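*Asks:* Residue numbers (our numbering), protein chains in the order written: chain A, -11 to 129; chain F, -11 to 129. By construction, the Cβ of each residue, glycine as well, lies at the ideal position given by its N, Cα and C atoms. Bear in mind the structure is a predicted one, so any value in this text is a computation, not a measurement.
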DNA sequence: ATAGCAAATGAGAAGGTTTATCATTTACTT
DNA sequence: AAGTAAATGATAAACCTTCTCATTTGCTAT
């Protein structure tokens, strides 16, 4: 069943729908250009600017999540519930990590800064399975 | 007193020394081009590439810290002890935040991922004092 | 001291990601 | 079904970072 998606204050264009659909399909955290590649299979004439514009707009309105994790490119996530991420220092891929959300540390942080604390994100870094086994292969020689 | 700085496997060039000195002077977490501006006051003919190259090299050898926090630019920090950061969502400035380092969560994370966990970083987001009071000014009208 | 050499620099080009511009198209209102 | 503002596609521009290479510089071994 396809549920109607809430896109506040924007028109429901084909492009927007398909961008959101494609992003929702994957569990990875694709970059804008990866989303562009996915969407282009269904809408070959879509412009890269349209993808950027809509990812940005949807992130602003809270429909999706923009991850400003390490690496050069921003990544996007259709799952908006708060969860943490782990990034491979070798290949740059980003995965979710299961870890109870520590909502109480916002409070602790508030007591130690002049900022008005809004949120927090924990990013782990490590080496993913693929890169780990690839490294083993090459070191055995 | 000026202490001799350890720069393993690299020549002690004037440029490197001054880049490190200038970075050590500030408590902020400047971007490469901000470091470039600071250094250029003392070495007007230094190239931007040299600044990037050396910040990268020093980060690799652990002399300084490269922060891959949110926003488009990477930031650098002369303090290499593990500590957390808070970033202003309005102006992008980054400050240290006092918070006991939760080294135990690396272990918890390890039990919930196929990655080999190396490290973690917590980034808070919020609104800094300046932006907060600036917003108050404009809303009172 | 100084000659030799590899490493580092400076200047510029090039690469990659993201944003801006603008004529044309499209979704929505009446 | 017509009108209107928003969105699109194509392209250029902006921006950050990395690369290239001739020249300079720091270091080593005379």
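Below 7 angstroms between beta carbons is the criterion; list the residues of the stretch 96 to 108 of chain F that meet it against any residue of chain A, in chain order.
*Replies:* The stretch 96 to 108 of chain F vs chain A, Cβ under 7 angstroms: 96, 97, 100, 101, 102, 103, 104, 105, 106, 107, 108.
*Asks:* Which residues in the same chain as residue 77 of chain A place their Cβ atom closer than 8 angstroms to its Cβ, once the five residues preceding and following it in sequence are excluded?
*Replies:* Counting only Cβ-Cβ distances below 8 angstroms, and skipping sequence neighbours, we find 113, 114, 115.
*Asks:* What residues in the stretch 46 to 64 of chain F bring their beta carbon closer than 8 angstroms to a beta carbon of chain A?
*Replies:* Those would be 56, 57, 58, 59, in chain order.
*Asks:* Return helix, strand or coil for residue 41 of chain F, following the three-state DSSP convention.
*Replies:* Residue state, collapsed to three classes: helix.
*Asks:* Just to confirm the assignment, what range does the beta strand (DSSP E) spanning residue 28 of chain F have?
*Replies:* From DSSP, residue 28 of chain F is part of no beta strand (DSSP E) but of the alpha helix (DSSP H) over 20 to 28.
*Asks:* Below 8 angstroms, can you find three or more Cβ-Cβ pairs linking the stretch 93 to 102 of chain F to the stretch 37 to 56 of chain F?
*Replies:* Not touching, per the Cβ criterion.
*Asks:* How long is the line joining the alpha carbons of residue 28 of chain A and residue 34 of chain A, rounded to whole angstroms?
*Replies:* Taking the straight line from one Cα to the other gives about 6 angstroms.
*Asks:* In terms of residue numbering, what span does the beta strand (DSSP E) encompassing residue 111 of chain F cover?
*Replies:* Element bounds for residue 111 of chain F: 104 to 115.
*Asks:* Counting only beta-carbon separations shorter than 7 angstroms, does residue 116 of chain F have a partner in chain A?
*Replies:* Answer yes: the Cβ-Cβ gap between residue 116 of chain F and chain A drops below 7 angstroms somewhere.
*Asks:* Taking 7 angstroms as the CB-CB cut-off, is residue 92 of chain A touching chain F?
*Replies:* No, no contact with chain F.
*Asks:* Can you give the Cα-Cα distance for residue 70 of chain F and residue 15 of chain F, rounded to whole angstroms?
*Replies:* The alpha-carbon atoms of residue 70 of chain F and residue 15 of chain F are separated by roughly 15 angstroms.
*Asks:* Taking the beta strand (DSSP E) that residue 85 of chain A falls in, what are its first and last residues?
*Replies:* Run containing residue 85 of chain A: 82 to 85, per the beta strand (DSSP E) assignment.
*Asks:* Quick check: what's the CA-CA separation for residue 23 of chain A versus residue 32 of chain A?
*Replies:* For residue 23 of chain A and residue 32 of chain A, the distance between alpha carbons rounds to 13 angstroms.
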